[in-house]
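Data first, discussion second: the structure below is written as structure tokens.
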Amino acid sequence: MAPLGQPLSVAVRRKTFAAVGQRDENTVLRDVRFEVEPRSFVVITGPSGCGKSTLLNIVAGLDKDFEGKIDLGPGNPRVTFVFQTPRLLPWRTVRENLELALPPGDPRLAGLPDMLERVGLTSAAGAYPEHISLGMQRRAALARGFITEPDILLMDEPFVSLDDPTALGLRELLIDLWSRRPTTVLFITHDRAEAVMLGTRILRMAPGSATIIQDEAVRLSTAERKDRDKVLAEQKRIFGST
Ligand code: ADP
Ligand code: MG
Numbered sequence: 000m001a002p003l004g005q006p007l008s009v010a011v012r013r014k015t016f017a018a019v020g021q022r023d024e025n026t027v028l029r030d031v032r033f034e035v036e037p038r039s040f041v042v043i044t045g046p047s048g049c050g051k052s053t054l055l056n057i058v059a060g061l062d063k064d065f066e067g068k069i070d071l072g073p074g075n076p077r078v079t080f081v082f083q084t085p086r087l088l089p090w091r092t093v094r095e096n097l098e099l100a101l102p103p104g105d106p107r108l109a110g111l112p113d114m115l116e117r118v119g120l121t122s123a124a125g126a127y128p129e130h131i132s133l134g135m136q137r138r139a140a141l142a143r144g145f146i147t148e149p150d151i152l153l154m155d156e157p158f159v160s161l162d163d164p165t166a167l168g169l170r171e172l173l174i175d176l177w178s179r180r181p182t183t184v185l186f187i188t189h190d191r192a193e194a195v196m197l198g199t200r201i202l203r204m205a206p207g208s209a210t211i212i213q214d215e216a217v218r219l220s221t222a223e224r225k226d227r228d229k230v231l232a233e234q235k236r237i238f239g240s241t
């Protein structure tokens with residue numbers, strides 16, 4: 000197996016969209032360049048519409064219409080994407096949705112009961128997605144992301160539209176899953192507190208900036224990430240306010 004976590008190199012010179020009803024095109028990304036260390040948890044944050052999803056889709060290879068180069072590192076790294084909506088197959092149970100992330104007979108399937116237990120879905124394993132809560136669907140999507148043991152894990156606002164306690168529970172779950180298997184993560188959120196709680200490093204974008212305006216290491220231990228006051232203080236240090 001490839002070593003855990005891959006380095007990642009992003010260089011997007013320019014990304015434009017044709018502007019509807021306008022003559023000029025809309026430059027969404029310009030000179031976005033950064034390197035990601037293996038096993039780091041990098042959060043890209045900025046307000047809605049600043050180009051975060053566009054950037055992640057380019058890194059994932061889902062959007063090839065841009066000027067620049069993405070280097071996912073040596074070998075043939077396994078890249079897994081966790082989307083904003085859980086995207087579970089409605090006609091498959093929770094367990095089947097996880098199984099389908101892997102080829103039949105794959106040795107990683109042996110870890111399935113343990114993964115279901117860790118995300119608290121053992122008793123819901125036989126349920127269909129429409130019969131469980133959105134929070135549980137999101138937990139299933141996280142479990143599906145980790146069961147594949149990816150070298151690079153890309154996540155686009157996987158915890159939006161959840162109430163605060165549910166979102167907090169999912170962040171803590173993600174910290175636990177990642178601490179047990181620290182792969183390379185690129186995580187997107189518009190939520191600054193979420194960025195600070197999860198990230199080992201934060202890349203910040205601003206409205207209309209089209210590029211990264213701040214690159215900051217997060218100074219929190221794993222334990223401190225679950226301490227609300229510590230997270231708030233670090234948020235203040237990085238963003239200047241909360
Ligand atoms: P974010 O994820 O930060 O909220 P997006 O990357 O989704 O932002 O969008 C950035 C900008 O690009 C927005 O102005 C959006 O309207 C525009 N945009 C995104 N996707 C498309 C598209 N398929 N066609 C045209 N414009 C788009
Ligand atoms: Mg987005």
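Numbering (numbering that gives the first Met the number 0), first residue to last: 0 to 241.
Positions of the beta carbon are idealized from the N, C-alpha and C atoms, including for glycine.
Just so it is clear, the structure is predicted and the values come from calculations on it, not from any experiment.
Taking the C-alpha atoms as reference points, what is the distance between S208 and L115?
-> Rounded to whole angstroms, S208 to L115 spans 41 Å at the Cα level.
Which stretch, first to last residue, makes up the beta strand (DSSP E) that contains K63?
-> Premise fails: K63 is in no beta strand (DSSP E) and is neither H nor E.
Give the straight-line distance between the Cα atoms of F238 and A109, rounded to the nearest whole angstrom.
-> 43 Å
From T221 to I187, what does the alpha carbon distance come to, in whole angstroms?
-> 19 Å
Under a three-way DSSP split, which group does A10 fall into?
-> In the structure shown, A10 falls within a strand segment according to DSSP collapsed to helix, strand and coil.
Whose CA, out of K229, L231, T210 and V230, lies closest to the CA of R12?
-> It is T210.
For ligand 1, is there a heavy atom less than 7 Å away from the beta-carbon of V81?
-> Checking every heavy atom of ligand 1 against the Cβ of V81, none is found closer than 7 Å.
For A216, which option in R203, D226 and D228 has the closest C-alpha, if you only look at C-alpha atoms?
-> R203
Beta-carbon separation of A140 and L71 under 8 Å?
-> Not in contact: A140 and L71 (Cβ atoms no closer than 8 Å).
For L202, the first and last residue of its enclosing beta strand (DSSP E) | R200 to M204
What residues are listed by DSSP as bridge partners for V31?
-> V11
Would you call the CB atoms of V9 and V184 closer than 8 Å?
-> no
Using 8 Å as the threshold, is the region 79-98 in touch with the region 146-156, meaning 3 or more CB pairs across them?
-> yes
Which term fits F16, buried or exposed, when burial requires 16 or more other beta carbons within 10 angstroms of its beta carbon?
-> exposed
Whole-angstrom distance between Y127 and W90, CA atom to CA atom | 7 Å
For ligand 1, is there a heavy atom less than 7 Å away from the beta-carbon of N25?
-> Of the heavy atoms belonging to ligand 1, at least one sits nearer than 7 Å to the Cβ of N25.
Segments assigned alpha helix (DSSP H), at least 4 residues, entirely inside the region 103-184 = 111-117, 133-146 and 163-179
CB of E193 to nearest heavy atom of ligand 2: below 7 Å?
-> no
Using three-state DSSP, classify F238 as helix, strand or coil.
-> helix
At what residues does the alpha helix (DSSP H) containing V93 begin and finish?
-> V93 to E98
Can we count K51 as close to ligand 3, meaning its CB is less than 7 Å from some heavy atom?
-> Looking at this structure, you won't find ligand 3 anywhere; what it does contain is ligand 1 and ligand 2.
Among L231, L169 and D155, nearest to H189 - alpha-carbon criterion = D155
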